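With full-length UniProt numbering as the guide, the letters of the sequence shown map in order to residues 1 to 166. First the structure, in the form of structure tokens, and then the observations on it.
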Amino acid sequence: MIIPRTGIGLDVHAYAAEDSPRPLWLGGLLWPGERGLAGHSDGDPVAHAAADALFSAAGIGDLGTHFGTDRPEFAGASGVTLLAEAARIVRAAGFEIGNVAVQFVANRPKFGPRREESQQVLSDAADAPISVTATTSDRLGFTGRGEGITAVATALVYPRPAGAIG
Numbered sequence: 001m002i003i004p005r006t007g008i009g010l011d012v013h014a015y016a017a018e019d020s021p022r023p024l025w026l027g028g029l030l031w032p033g034e035r036g037l038a039g040h041s042d043g044d045p046v047a048h049a050a051a052d053a054l055f056s057a058a059g060i061g062d063l064g065t066h067f068g069t070d071r072p073e074f075a076g077a078s079g080v081t082l083l084a085e086a087a088r089i090v091r092a093a094g095f096e097i098g099n100v101a102v103q104f105v106a107n108r109p110k111f112g113p114r115r116e117e118s119q120q121v122l123s124d125a126a127d128a129p130i131s132v133t134a135t136t137s138d139r140l141g142f143t144g145r146g147e148g149i150t151a152v153a154t155a156l157v158y159p160r161p162a163g164a165i166g
């Protein structure tokens, strides 16, 4: 019997300082005119949480293990690139990806009009279905005060059957 494994990923990024503006990358998409997030890579919490959930489900570390701030080659890296690499690492560890679900918490940007585009970009990167939802925190806490964006993800992976090529 093949028993699936689940994992959880969480990523939080503060908005970049006003005097050091950055573009906003969220859900694998560039959001022109929106304040960007601080981070070692592009700061995309949706892509990062998805990658972290995959690592968690496979039991092979976390985002910091594979792409930590001590790795200068990942400075400024695209979250989509990190997600694609995470999926490759998970498959190399003997797993297939069932799906990933991500929810982010933020006051803006308005995500609904670009949801399908984001899901397609992320799903293509992971070569697996990824769904993304958005919510607010009713102006409470870190995200409610407009200090940054939080994303949480779950992933389902399953061991590749013995002898399967992947």
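Glycine is no exception: its CB is placed at the ideal position from the N, C-alpha and C atoms. Because the structure is a prediction, the values reported are computed rather than measured.
In the DSSP assignment, A93 falls outside any alpha helix (DSSP H) and carries neither an H nor an E.
A direct Cα-to-Cα measurement between R5 and Y15 gives close to 33 Å.
Boundaries of the beta strand (DSSP E) around G7: 5–14.
According to DSSP, residue pairing for P159 in a beta bridge involves F95. Classified as buried, S118 has 16 or more neighbouring CB atoms from the shown chains inside 10 Å of its CB. No Cβ-Cβ contact shorter than 7 Å links V90 with I130.
By DSSP's assignment, R35 forms a beta bridge with P23.
In the three-state DSSP reduction, I2 falls in the coil class, being neither helix nor strand. Counting only runs of at least 3 residues, the stretch 35–118 fully encloses the following beta strand (DSSP E) elements, listed from N- to C-terminal order: 95–105. The C-beta distance from L63 to D44 rounds to 12 Å, too long to fall under 8 Å, and the pair is not in contact. Taking the Cα positions, V12 is about 14 Å away from L24.
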